[in-house]
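*Asks:* Residue numbering for the sequence shown follows the UniProt record's numbering, beginning at 1 and increasing consecutively.
All residues carry an ideal CB built from backbone N, CA and C; glycine is no exception.
Quick one: structure below, then a few questions.
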Amino acid sequence: MVEEALSSGGSLFYVGDKKQAIYRFRGGDVSLFDSVQDNLQHFSLKHGSLITNYRSQKEIVQFNNEIFSEKNLRRFINRVGEWQEESFLFSQADVGKILNVFGGSKQKWRKEHAYGYVRV
């Protein structure tokens with residue numbers, strides 16, 4: 001259906017967050033984000049991400065940036081091996097997927113507003 005719409009001049013707009021899809025909330029599937037790009041690459045797709053957080057204050061954004069930084073994620077992944085049985089260790093593919101999901105998560109905060117809003 002999507003390919004038909006795109007090939008006949010239509011458009012597709014979808015919004016999502018890989019970081020939230022990993023929790024599988026309401027059936028979320030993080031692989032869908034990548035499959036759209038992979039399966040529809042012959043169309044001229046535009047990909048965008050919001051890098052400014054319009055809702056959270058500076059301290060929250062800074063905290064999240066630090067927690068989900070590549071350095072912290074790698075530290076967590078390495079420590080899992082110390083805490084868990086060997087059968088639970090992350091494969092290199094798993095590590096790549098985790099870093100991919102959180103790779104673009106660093107945000108800026110809106111300096112002019114104590115409280116924010118989203119405008120597209």
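Within the continuous alpha helix (DSSP H) that includes isoleucine 60, where are the two ends?
*Replies:* Where isoleucine 60 is concerned, the enclosing alpha helix (DSSP H) stretches over 58-67.
*Asks:* Go to serine 7, then tell me how far its alpha helix (DSSP H) extends in each direction, as first and last residue.
*Replies:* It spans 2-7 - the alpha helix (DSSP H) in which serine 7 sits, taken as one unbroken run.
*Asks:* If we count the other Cβ atoms within 10 Å of its Cβ and call it buried at 16 or more, is glutamine 107 buried or exposed?
*Replies:* The residue in question, glutamine 107, is buried, as its Cβ has 16 or more Cβ neighbours within 10 Å.
*Asks:* For lysine 19, which of helix, strand or coil comes out of DSSP?
*Replies:* Note: lysine 19 maps to helix in three-state DSSP.
*Asks:* CA-CA distance, glutamine 37 and asparagine 100?
*Replies:* Spanning the two alpha carbons is a distance of roughly 14 Å.
*Asks:* With DSSP collapsed to three states, give me the class of lysine 97.
*Replies:* Lysine 97 falls in the helix class under three-state DSSP.
*Asks:* Measure the C-alpha to C-alpha separation of phenylalanine 76 and phenylalanine 13 and round it to an integer number of angstroms.
*Replies:* Going from the Cα of phenylalanine 76 to the Cα of phenylalanine 13 covers about 34 Å.
*Asks:* Who are the Cβ neighbours of glycine 81 in its own chain at under 6 Å, not counting the five residues just before and after it?
*Replies:* Same-chain partners within the cutoff: Leu89.
*Asks:* When you compare only the Cα positions, how much space is there between serine 91 and isoleucine 98?
*Replies:* So the two alpha carbons sit approximately 11 Å from each other.
*Asks:* When we look at the beta-carbon of valine 15 and count the other beta-carbons within 10 Å, is it buried (16 or more) or exposed?
*Replies:* Exposed.
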